[in-house]
Each structure stands twice: as C-alpha cells, then as structure tokens.
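These protein sequences, in sequence, are chains A and B.
Be aware that the first sequence starts at 2, since it is given in our numbering, and climbs by one per residue.
Be aware that the second sequence starts at 6, since it is given in our numbering, and climbs by one per residue.
Reading through the structure tokens given below for one structure.
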Amino acid sequence: MAVKVYGKPQAVCPQRVMHCLVEKGVPFEFVLVDIDAMEHKRPEYMEKHPFGQVPFIADGDFELFESRAIVRYFAAKYADRGPNLLGRTAEERAKVEQWLDVEAISYSPCAFTIVFNLFLLPIRGLPGNKGEAVAAMEKLDKVLEVYEKQLSRTKYLAGDEFTLADLTHIPVTRYIVEHCGLAYLLDDKPHAKAWWEDVSRRPAWKKVMSFVASGASFYAP
Amino acid sequence: MGSVTVYGPPISTAVSRVLACLLEKDVDFKLVNVDMAKGQHKSPDYLKLQPFGQVPAFQDEHATLFESRAICRYICDKYANRGNQSLFGRNGGGPAERAQVEQWLEAESQSFNPPSSALVFQLAFAPRMGLAQDPAAIELNQAKLAKVLDVYERRLGESRFLAGDEFALADLAHLPNAHYICAAGKDDMFASRKNVARWWEEISTRPSWKKVVDMFSAPPA
C-alpha cells in the first residue's frame, strides 16, 4: 500500500515531506485536505492530527504528524536508498539534527512571518502587517549571516553532503525568494546564495514542483 | 568515555533540558557557566562554540554541538547503552518507534515551546531582570498554551507518556518550561487537567529532574 500524504500541495510543510519521499524514490498518494474550507480543523481530520495541522502521513497502519518527524522517519526507514540524508556516524547525525533544529526554531518562524504577511494575506485580499514582516526580515538576515559563515566552511549546512538539514529549508525559502521579492537577502552572502541555487535545483525538488503544478494525486518514481 | 562539557547557566531552560538528559543517561559532565548578564554569550570565544550566541553549547571528544534537542538526541545515540535506554524508543526498536518520540518532540518544539517560553520569560525571568511584565502577552500565551494542553489531555488519556508507555525525550523536553510556569504559580494549567496533572507529577518527580532543579540554586562553577 502506498504512503498517503495528507495536506495541501502548495503548503510548505507537506512539500518538505514530498521532497523527502521523492529523494528516496518512494511512491505516494497525495490526499487533499481543503485548508481554505477549514477541513483541517474539523473533528474527522483532528481524529488523525490532534493539533489540526498538515501534513499527516499514513504508511500502511503507521500514522505520523509533524513534517520534521515524518522526514526523519522516512530518511531512516529508507536509509539504504537514494542520497544519505542523515549522516553516517552519531557525530554526523548530530550535525544534521543541530541544523534541523536551527531551521525549526530560528529560521522558519521568521520566514513564515514574512510569507504570511507579504504573500498569504495579500493573495486573499487582506492587508499584511508590514511592521511584523520587516522585523522578521531583519531577524532572518542575521540568521542568514550565521549560515553564510557555516557555508563558507562546508558545502551544505551539516557537512559536505546534502542532508535533511538542507531539505527542510527549501519550501519556505522558495516562497521568500520567489513570492516575497527577498532574493536580495542572499546577494551579500555568496556562499548562502550558492547553497540556495544548488539545493533549489535538485532534480527531486523540481519533480515536487512539477507534481504540485500538475494537480496529480499519485506520485511514482 | 571522554569528557562532556555543557556551557551555559543551569537556570536556562535550554541548558537544563540537556542536563536532564545527561542525568537520565548517567553520563558524567562538567558544567561551565556562561555569564549572560555580562554578555559572555556574545564573546568571540563563545561564538566559536555557538555562532548564534545562545546557550547551551556542548562538547565531548567527538563533537561540538548546539540546539538543546539536537544535543539530547546525540546523547541518546552516542551513549545508547548507558542509563535510561528507552528515551528514544527502545534500543533495537525500529524507525516507527523512534518516530513516535520524534513526533511529540516536534510537538513540544513547535506547539508547546513558543507559548510556554513566552510565559516563562514573563513570569520567571522578567521580574528577575527588573523588567515590567506584559499582561496582554501573559493572557495571549496562556490561552495558546491552554489549547496545547487540551490536546495533551486527550493524548495522555490514551497513553501513559506522550510517545507511549515509557518516559521518553518527548516528555523530558517539557520539563524546564513547565517547571518555571508551575513555580511561578500558574500550576493550575496543569493541575486542572486530570491526565496532564498525572503526567506532570510523574515526570517532574523523577530523580534526574530533581537533581537539575537543585542545580538552579547552586553557586555557579
């Protein structure tokens, strides 16, 4: 039975999960949860996901929520397939975990605030809070300065190979760069800019974008 | 086994998270204080350990790490055969078992931590630092935390601990913030929910956590 991914395909967190599955060559069915109609807050959905968020996955009888828990699960389950996304030793894994947590706690909260105020609200015809967006941009810029230092030493965040720590950044960064006009944040950070150009051109990520654009329900490698 | 060093003041919630894990795992460590009032966390020497200028930082003979939850994961992997061996699923349990812990550890980081950290700052640290409390922020974050605890109440009616029948990293990660909230007199948030109250009583009376709390009032090294 194929993996089922529940969510909205344009949303950042489900895209993280799809990217991991595509990197690992794992087929899946994408089951639409109508966020705009608040389906994720209805009792039937909240039976699966008690916080009423997306994504949620079912791998046979095994069910899981939290996109970063999900990608760790698939990266471990399919460790012998596709690129090594978790490192090979305890120390390498720890570096992956470290930068995954930086993304979760320091990078994405700023990035989400920007996307929410400069993209998501405006496309619904609602005013975004420019003050909040600017404050978040300033914070993100400082975080990116640290990334620049790290990426001047290693090709990817956790070392010289692409791992989950890089993967989880991609969907929200694409929104920042392509939909919020903030590509310039990388202009004075040549290593971070090169990193972004590299990771966003990964074939697996391009397949995710094509899949999302196609509106298909089933992905087969 | 080589020397483990943790850098940071033990009263810091993130530092104490790591200390709790080391104590559960029976791993000896040295605690080196970082005087944040004097800006030591922003000194060039400290920034080499933790480039974001936050606490804790961690070193053993193999790795230098930051991000408290990544450090805890590393301790569980690196010292797998010491102390409590079911903090991350059982040794030999597969990806699914570990993923359950990851799911609730992510829930702690993404849903519990933001409102509870804000409350910890307002209730415990602002007064210490001579800063005025913000009643609106307290009310807002209490309301957010209440929603999260409602989800926990349901979960802990199905399961003894968050990820299953064993105390795990997912539960441990909650200890610092919940401790400060209760110590500041807002323990009714936990006590008024039957299953959460039972869980909190169980995890907060573990000998490892009691030792960490003792360290809060010990003179700095």
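Here a beta-carbon is modelled for each residue, glycine too, at the ideal position from N, C-alpha and C.
Inside the region 39 to 67 of chain A, DSSP marks whole alpha helix (DSSP H) runs of 4 or more residues at positions 44 to 49, from first to last along the chain.
Assigned with DSSP and collapsed to three states, V6 of chain A falls in strand. Going by DSSP, L28 of chain B is part of no beta strand (DSSP E) but of the alpha helix (DSSP H) stretching over 18 to 29. Under DSSP, E30 of chain A forms a beta bridge with A:K5, A:F219. The criterion of a C-beta distance shorter than 9 Å is satisfied by W214 of chain B and L180 of chain B.
No Cβ-Cβ contact shorter than 9 Å links S122 of chain B with T210 of chain B.
With respect to E162 of chain A, P84 of chain A sits close: the two C-beta atoms are nearer than 9 Å. Across the set B:E171, B:G169, B:P119, the C-alpha of B:P119 shows the shortest separation from the C-alpha of N182 of chain B. Contacts with chain B (Cβ-Cβ distance below 8 Å) from the region 139 to 169 of chain A involve V144, V147, K150, Q151, listed in chain order. Residues of the region 167 to 189 of chain B whose Cβ lies closer than 7 Å to any Cβ of chain A: none. Here V20 of chain B is not near I80 of chain B, since their CB atoms are 9 Å or more apart. Listed in chain order, the positions of the region 51 to 77 of chain A with a beta carbon within less than 7 Å of a beta carbon of chain B are P51, F52, F63, L65, F66, E67, R69, A70, R73, Y74, A77.
For Q16 of chain A, the enclosing alpha helix (DSSP H) starts and ends at 13 to 24. At least one beta carbon of chain A lies nearer than 9 Å to the beta carbon of S114 of chain B. For D102 of chain A, the chain B residues whose Cβ falls inside 7 Å of its Cβ are E72, R74, A75, in order along the chain. Counting only Cβ-Cβ distances below 7 Å, Q108 of chain B has contacts in chain A at L65, F66, E67, A70, in chain order. Under the rule that a run must span 3 or more residues, no beta strand (DSSP E) segment is found entirely inside the region 149 to 190 of chain A.
Excluding its 5 nearest sequence neighbours in each direction, K191 of chain B has C-beta neighbours in its own chain below 8 Å: L124, L128, Q147, listed in chain order.
When the five nearest sequence neighbours on each side are left out, the beta carbons in the same chain lying within less than 8 Å of the beta carbon of H180 of chain A are those of V116, L119, F120, in order along the chain.
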